[in-house]
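Read through the structure below, which is laid out as structure tokens, and then see the notes.
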Amino acid sequence: MWGPCYYGPPVSLTLGEDPSLPCRRPPERRRITTSPRMQHILPSGDLAVACSGRYSRPPCGLPRAGSAGAVTPTRPREYRTSPAGLSVVTMQVELADRAAARPSETEETPPSSPAAAASAAEDAPLLPGGGVRRRAVSERFRQRSGSFRREVRRAAAETFLLTRLTLILLRYLGIGYRWIRQFLALCCYTFLLMPGFIQVVYYYFFSSQVCRSVVYGEQPRNRLDLYIPTDKTGLKPVVAFVTGGAWIIGYKGWGALLGRRLAERGILVACIDYRNFPQGTIGDMVEDASQGIAFVCNNIASYGGDPERIYLVGQSAGAHIAACTLFHQAIKECGEGDASTWSVAQLKAYFGISGGYNLLNLVDHFHKRGLYRSIFLSIMEGEESLQKFSPQVMVNDSAAMSAISLLPRIFLFHGTSDYSIPSVESEAFVDALQQHGAKADLFLYEGKTHTDLFLQDPLRGGRDKLLEEIVTVIQNDNPDTSAQHLVVPVARRLVPEFMLKLAGRVSPF
């Protein structure tokens, strides 16, 4: 509602109109331009624009300036409202004054032609805060936002896949007290090492050195991760790594810590994923590993790797799968099967970390530790297939004698306090290899458990003996490479020592 209005201080009026009468709302509005840069909609017949930019026309009901009976104020006057409410006139006057004080903020620029826009874009870098610079910053922001969203979607998809497979596995396993005990121990073990896991996971998903989920086959798990050194000069030696996980929970991401450490030393790492049980059995795992190695041998040059310097590494169940893949390929090349797209001769050496190589001796051992006999035999495709997938038994088989000469050098690493897979497995395998003329070496680490060599020691930081042994072998094969001259920073500690010791006590491995 429009309230009654009066004209400043008391003045004598010549008109007979009563100023206490309520103002009537004007029937129409018109656009009055106060300046070239501001337009306002004001009631027609109520206000006028003074030359000073302030509104000095009398309110409704008073005569216009210059007419008979008009009152000419001697100073700029302000319109005031009665205590009943704020007048619209005063609000419009204040808005006009503010607009006049800041014309650049309210100025409306008419749309320009395409030619003018192009010209402005070319001249923008020459002006402070040019549009091209702002557009470049905005474009970079959009690219980073899009990349982050893609990474989140990929992480969510992989998490969903692992969760679904875990549920399938739990439904298959059923419930047993040994399994429950091992599962609770695994939860405590993971919680204690969580400070280090968080940092490794962040590196895995957000480092520019990691090229994730490169497709190497047609199966859902036929993916591999590449850890590329920062130094891009020349072709780099390559490590094809098969991760562990008891043939059930293996995943390519488990190799993130080893991949990072080797990449810092100028070695390109390819972590091969494969189908786990119940998605696949041991035959499927060996087939996937073989396809992954073939992809590395035939395509790694496009990622900066040297196809003439490829090394095969496996850990725990991954060491067993990699050894089976190596022996089966050597047997194929001896004429007892079809040759595939890669050759054993392309591998310079094989490194087995805490692996099991005679399944006949491990069935009962795994059963006592919670991997029940029925489940283990299902993974290994029945008891009749245990010999076929036991590298130590294959070495002693006379039918495979000719394949041993094709094998590359073999280096085995094992901790003497490993209760998941006893160190005698590596000792017996090395003895069998050496008896048949193969080049094999064994490195035993006193007091180390199944995961110390691969997990706790790298999380501890400082010197890593296992990593040094692998890097030394690779560098000795390539004395002219620049990797020997890299300044490698000392690995920092990722987990406090007391948490590492507690994790070692509760470890299910």
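Just so we're aligned, residue 1 is where the sequence shown starts under full-length UniProt numbering, counting upward by one. Don't be surprised by glycine CBs; every beta carbon is placed ideally from N, CA and C.
Check	Outcome
Test item: CB-CB of I300 and G356 under 8 Å	no
Three-state secondary structure assigned by DSSP to G246	Position check: residue 246 holds Ala in this sequence, whereas Gly was assumed. A246: coil per DSSP, three-state reduction.
Proximity of V395 and Y189 at Cβ, strictly below 8 Å	no
Boundaries (first-last residue) of the alpha helix (DSSP H) holding D288	I282 to N299
Uninterrupted beta strand (DSSP E) stretches inside the stretch 333-407 (no shorter than 3 residues)	347-353
Which of helix, strand or coil DSSP assigns to P307	strand
S426 versus C211: straight-line alpha-carbon distance, rounded	33 Å
Cβ contact check for the stretch 291-308 and the stretch 255-263: 3 or more pairs under 8 Å	no
Residue range of the alpha helix (DSSP H) that includes I331	A317 to I331
Range of the contiguous beta strand (DSSP E) that encloses G415	R409 to G415
N- and C-terminal bounds of the alpha helix (DSSP H) containing A263	A256 to E264
Neighbourhood of G66 by C-beta distance below 7 Å, restricted to the same chain and skipping five residues each side	For G66, the predicted structure reports a pLDDT of 47, less than 50, and the residue's modelled location is therefore unreliable. A value from the coordinates is still provided. Taken in chain order, the list of residues that qualify is empty.
N-terminal and C-terminal residue of the alpha helix (DSSP H) that V424 is part of	V424 to Q435
Whole-angstrom C-beta distance between Q315 and residue 511, which should lie under 8 Å	Nothing can be reported for residue 511: it is not among the residues displayed for the chain, which extend from 1 to 509.
Beta-carbon proximity check, V242 vs I180, cutoff 8 Å	no
Three-state secondary structure assigned by DSSP to D225	strand
Sequence-distant residues of the same chain with beta carbon closer than 8 Å to L406, five excluded per side	A330, E333, C334, V344 and A345
8 Å CB neighbourhood of H450 in its chain, flanking five on each side removed	S316, S354, G415, D418, Y419, S420, I421, S507 and F509
Cβ contact check for the stretch 258-275 and the stretch 220-240: 3 or more pairs under 8 Å	yes
Whole-Å CB distance - P237 paired with N476, under 8 Å assumed	With 8 Å as the limit, P237 and N476 do not qualify as a contact, their Cβ atoms being about 11 Å apart.
Under the three-state DSSP convention, the category L444 falls into	strand
Helix, strand or coil at R153 [DSSP, three-state]	helix
Spatial neighbours of G318 in its chain, beta-carbon cut-off 7 Å, leaving aside the 5 residues before and after	V242, T243, G244 and G250
Three-state class that DSSP yields for residue 515 in the structure shown	Look at the range of the chain in this structure, 1 to 509, and you will see that residue 515 is not part of it.
Helix, strand or coil at I421 according to DSSP, with G and I counted as helix	coil
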